[in-house]
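Sequential numbering of the sequence shown, starting at 1, is according to UniProt numbering.
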Amino acid sequence: MFRSLISRQGSVIPVRGNVLQTSVRFAGHSKWANIKHDKAKNDAKKSKEALYVTRRIESCVKQYGKESNPQLDSLLERARKLNVTKAVITNAIKRGAGEMAADGPALSEVQYEFMGLGGIAMIVTASTDNKTRTISKVKNALSYLSASLSPCLYMFERKGEIVFYPKETKPAEDFDTVFETALEIGAEDFEEVETDKTPLYRIVCDTKDIPNIVTELKNKGYKLQDSSTRYFANVDSIVPFPDDHIKAFDKTLQELDDIQEVVDYYTNIEDEHIGRLQDSI
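In structure tokens, the structure reads:
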């Protein structure tokens, strides 16, 4: 089940210049649940995710330092869950702090914008030492949706996303209590995500507020699952789930997941984050 601050009683609550609403949705009814990958694909995705997290550790240290860095703490925890070795983590921290030279060829961060069937917009980010090779692979993956390179960044907004677990207290905190906490520490949007494994809470915020909110959550006893910056589609740009093209869409995602250089991708499809969060635990 997904509960968010998007209209609990149809009312609207203005908070710090933003509008937060509450609604109820059920995970079992999510069409994203139909997008499934076999074990080999999932293992490959986890391997790539481990590489991605390692790069994010390096970047995080480079940007915020390695001391008193709550974002780094959550990345380290995620790396350990992905079985990234201590040596690899240590070297990533050293490279970020300038204590160790980067190994291998220099990598460039690239970003591609596509428009495809059904008005689907997709932003694909990658880290590569060969831009020509990478764009060729990405174009091939997006060809299943008849997508072509086309500006669509204007349809999205860059925001911070913080995902965390409930407190391990008895009795458990109710939704309203966590909701009030989220508002107090600067959330622009908040959502409760109940899965088969464990419930999660999700905060969307201004990117500059990520470090402070992460610190506040830790100080209040919450355990972080992840914190990052992501592209979120503007409300008037969101399109329905592509029922008529589900096979093509599934194939596109599988192909993108197979491209080693691809770091992440973002779409303007409704409830995009549901499938992503379900896959993350």
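From the three backbone atoms N, C-alpha and C, an ideal C-beta is built for every residue, glycine too. Predicted model, so just to flag it, every value in this text is computed and none were measured.
When you compare only the Cα positions, how much space is there between residue i and residue j?
{"i": "Lys-218", "j": "Asp-73", "result": "10 Å"}
{"i": "Glu-261", "j": "Pro-171", "result": "45 Å"}
{"i": "Asp-258", "j": "Lys-81", "result": "21 Å"}
{"i": "Asp-236", "j": "Ile-57", "result": "34 Å"}
{"i": "Pro-70", "j": "Tyr-165", "result": "15 Å"}
{"i": "Phe-114", "j": "Pro-242", "result": "16 Å"}
{"i": "Ile-123", "j": "Ala-248", "result": "17 Å"}
{"i": "Ala-126", "j": "Val-110", "result": "5 Å"}
{"i": "Ala-239", "j": "Lys-223", "result": "The question names Ala, but residue 239 is Val in the sequence shown. C-alpha separation (whole angstroms): 33 Å."}
{"i": "Ala-182", "j": "Phe-190", "result": "7 Å"}
{"i": "Val-178", "j": "Glu-161", "result": "16 Å"}
{"i": "Lys-251", "j": "Ala-141", "result": "8 Å"}
{"i": "Val-163", "j": "Ala-79", "result": "15 Å"}
Secondary structure at residue i, three-state DSSP: helix, strand or coil?
{"i": "Cys-60", "result": "helix"}
{"i": "Ala-187", "result": "coil"}
{"i": "Asp-244", "result": "helix"}
{"i": "Ala-66", "result": "The question names Ala, but residue 66 is Lys in the sequence shown. Lys-66 falls in the coil class under three-state DSSP."}
{"i": "Glu-270", "result": "coil"}
{"i": "Lys-167", "result": "coil"}
{"i": "Thr-125", "result": "strand"}
So is residue i buried or exposed if we call it buried at 16+ other beta carbons inside 10 Å?
{"i": "Lys-137", "result": "buried"}
{"i": "Thr-267", "result": "buried"}
{"i": "Glu-184", "result": "exposed"}
{"i": "Ala-101", "result": "exposed"}
{"i": "Ala-106", "result": "exposed"}
{"i": "Ser-227", "result": "buried"}
According to DSSP, what are the bridge partners of residue i?
{"i": "Gly-233", "result": "One point to set straight first is that residue 233 is Ala, not Gly, in the sequence displayed. According to DSSP, which records beta bridges pairwise, Ala-233 is partnered with Phe-156."}
{"i": "Ser-74", "result": "Looking at the DSSP assignment, Ser-74 forms no beta bridge with any residue, so it has no partner."}
{"i": "residue 282", "result": "Nothing can be reported for residue 282: it is not among the residues displayed for the chain, which extend from 1 to 281."}
query = Are at least three pairs of beta-carbons, each pair with one atom in the region 123-134 and one in the region 201-210, less than 8 Å apart?
reply = Taking a contact to require three or more Cβ pairs closer than 8 Å, the region 123-134 and the region 201-210 do not qualify as touching.
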